[in-house]
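Since the structure comes first, as structure tokens, the remarks are kept for the end.
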Amino acid sequence: DGGITQSPKYLFRKEGQNVTLSCEQNLNHDAMYWYRQDPGQGLRLIYYSQIVNDFQKGDIAEGYSVSREKKESFPLTVTSAQKNPTAFYLCASSIAPRGAGELFFGEGSRLTVL
Amino acid sequence: SQQGEEDPQALSIQEGENATMNCSYKTSINNLQWYRQNSGRGLVHLILIRSNEREKHSGRLRVTLDTSKKSSSLLITASRAADTASYFCATWTGTASKLTFGTGTRLQVTL
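For the record, the sequence lines run as chains A and B. Heads up, the first sequence is in this note's numbering, so the first residue is 1 and it goes up one at a time. Heads up, the second sequence is in this note's numbering, so the first residue is 115 and it goes up one at a time.
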């Protein structure tokens with residue numbers, strides 16, 4: 001079955017540690033996105049990538065980094081510079097460029113800073 | 115920045131009733147999309163309506179778009195307990211390479 005796989009589903013981090021969230025898709029989509037969701041809030045865009053080896057900052061990129069070395073993979077690193085990293089992180093992909101069409105989402109990764 | 119704002123923030127209805135959620139946005143759009151999110155899960159795309167369309171149907175869902183008022187509504191007819199979820203609108207403006215999501219409406223359907 002085609003889809004987006006995020007891992008881990010739950011992650012705990014001590015302050016000062018970097019953590020990497022995995023996102024893999026087998027939909028053959030060019031575009032991939034990372035969103036952050038806080039309780040009772042909408043989604044805010046962290047980073048997006050329209051093509052391999054290229055990515056752009058979203059609205060809240062500070063304290064995060066990404067890479068896009070393969071079409072299927074778009075990992076997100078939450079660095080120690082992110083002041084409030086506890087949140088629900090969602091990865092998505094789309095076949096249409098620049099978010100013009102439907103987004104397909106993974107099941108999310110919940111990060112808690114201890 | 116939040117482009118879309120849903121109203122109401124929360125809605126509680128009984129099974130069989132219709133549920134209506136509204137979305138308002140600030141700038142001109144190319145399309146508007148509605149998504150559903152079950153608690154603790156990812157979002158699922160429901161329907162996309164383009165700026166030159168006024169109404170669209172998909173099963174029990176009916177979406178309207180009024181570009182003059184910069185607003186959209188999502189109607190779920192004959193609701194079921196399984197419709198309990200949060201519903202988000204998202205807008206694509208064409209100038210920015212991203213969808214911008216609203217804050218969502220939490221729908222509770224009781225038996």
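Even for Gly, the Cβ is constructed at its ideal location relative to N, Cα and C.
query: Leaving out five residues on either side along the sequence, give the residues of the same chain with a beta carbon under 8 Å from the beta carbon of S115 of chain B.; result: Note that S115 of chain B scores 47 on pLDDT, short of 50, meaning its location in the model is unreliable; the coordinates nonetheless yield the value given after this. So the qualifying residues of the chain are T214.
query: 8 Å is my cut-off, CB to CB: does G63 of chain A come that close to chain B?; result: no
query: At least one CB of chain A closer than 8 Å to the CB of R150 of chain B: is that the case?; result: no
query: What three-state label does DSSP hand D197 of chain B in the structure shown?; result: helix
query: Grouping DSSP H, G and I as helix and E and B as strand, with all else coil, what is S119 of chain B?; result: The question names Ser, but residue 119 of chain B is Glu in the sequence shown. Looking at E119 of chain B - three-state DSSP - the assignment turns out to be strand.
query: Would you check if there are 3 or more beta carbon pairs closer than 8 Å linking the stretch 89–104 of chain A to the stretch 176–189 of chain B?; result: no
query: Around the Cβ of T219 of chain B, are there at least 16 other Cβ atoms within 10 angstroms (buried) or fewer (exposed)?; result: buried
query: Going along the stretch 209–224 of chain B in order, which residues come within less than 9 Å of chain A, judged by CB to CB distance?; result: A210, S211, K212, L213, T214, F215, G216, T217, G218 and R220
query: So, under 8 Å CB-CB, S73 of chain A and C23 of chain A are touching, yes? Tell me the CB distance rounded to an integer number of Å.; result: 7 Å
query: Please list, in chain order, the chain A residues whose beta carbon lies closer than 7 Å to that of H159 of chain B.; result: E102 and L103
query: According to DSSP, simplified to helix, strand and coil, what is F74 of chain A?; result: coil
query: Distance check for K83 of chain A and T205 of chain B, CA to CA, integer angstroms please.; result: 28 Å
query: What alpha helix (DSSP H) runs, 4 residues minimum, are completely inside the stretch 144–179 of chain B?; result: none
query: Taking V223 of chain B as the reference, give the member of B:N136, B:Q123 and B:G130 with the closest Cα.; result: B:G130
query: So which of A:S93, A:R68 and A:F12 has the shortest CA-CA distance to G141 of chain A?; result: With chain A covering 1 to 114 only, the question about residue 141 of chain A has no answer from this structure.
query: Decide if the stretch 43–52 of chain A is in contact with the stretch 131–141 of chain B; the criterion is three or more beta carbon pairs, one per stretch, under 8 Å apart.; result: no
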